[in-house]
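With numbering that gives the first Met the number 0 applied, the sequence shown has no gaps in its numbers, which climb one by one up to 183 at the end.
Beta carbons: idealized from backbone N, C-alpha and C, even for Gly.
Quick caveat, the model's predicted, so the values are computed rather than measured.
Working notes for the structure below.
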Amino acid sequence: MENQEDAIKSVAIVNKLAIGSLFEKTITVERNQLVKTGDSTDTNIYFVQDGSLRIFVTDGEEERVIRFGYQNNIIVALDSFLTEKPSDFYIQAIKKTTLKIISKKTFMDFISKEPENLKLWAEILEDLVLQQIEREKDLLTHSPKERYERVLKRSPQLFQEIPNKHIANYLRMTPETLSRLKKS
């Protein structure tokens with residue numbers, strides 16, 4: 000999940016990638032369709048052209064949303080991408096979604112060609128790490144109101160793109176609590 004500044008940066012990064020024609024294919028996934036299942040390896044980088052996704056893990060029988068992606072966001076199962084090993088993350092379309100895809104091999108060939116391309120990879124990693132730090136701060140904030148306000152400030156577009164039940168899960172609160180917070 001990104002703020003407006005991060006979304007602009009993602010578009011700039013994608014524009015740089017598109018110049019090299021790195022996008023190998025475009026796919027459309029239907030609502031609720033899984034792009035990646037848990038305990039699978041996925042080394043693709045996805046750019047959300049249209050639609051929305053959620054990344055989640057299962058905690059026993061409960062799903063825990065950890066990230067969202069919507070138009071102009073870059074999505075990747077980073078642990079699987081880096082290690083080329085299975086990851087517990089699921090990536091699922093929330094609504095019909097169009098994704099542009101770059102494979103790890105194509106991307107790594109691209110970044111190894113020029114120092115400027117390696118700098119681009121560093122920017123992508125930096126963005127992903129900073130987003131993860133913000134997510135951890137959200138989880139450590141005790142008050143549901145504080146979690147809601149942090150996410151609203153950082154990503155107001157989220158509340159237009161993603162259904163409340165998923166946002167509530169992400170914020171670790173009930174949909175009813177989220178509804179009350181939105182009204183206050």
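Query, Result
"Would you mind sorting residue 170 into buried or exposed? The rule is 16 or more other CB atoms within 10 Å of its CB.", "buried"
"Any contact between the region 155-175 and the region 60-77? By contact I mean 3 or more CB pairs, one from each, below 8 Å.", "yes"
"Classify residue 131 as buried or exposed, calling it buried when 16 or more other Cβ atoms lie within 10 Å of its own Cβ.", "exposed"
"With a 10 Å radius around its C-beta and 16 neighbouring C-beta atoms as the bar for buried, classify residue 63 as buried or exposed.", "exposed"
"Does residue 75 come out as helix, strand or coil in the three-state DSSP assignment?", "coil"
"Comparing C-alpha positions only, which one of 119, 144, 128 sits nearest to residue 78?", "128"
"Taking only runs of the alpha helix (DSSP H) that begin and end inside the region 136-172, which ones reach a length of at least 4 residues, in chain order?", "143-153, 157-160, 163-170"
"What's the C-alpha gap between residue 36 and residue 166?", "21 Å"
"Nearest CA to the CA of residue 96: which residue from 143, 45, 65, 110?", "45"
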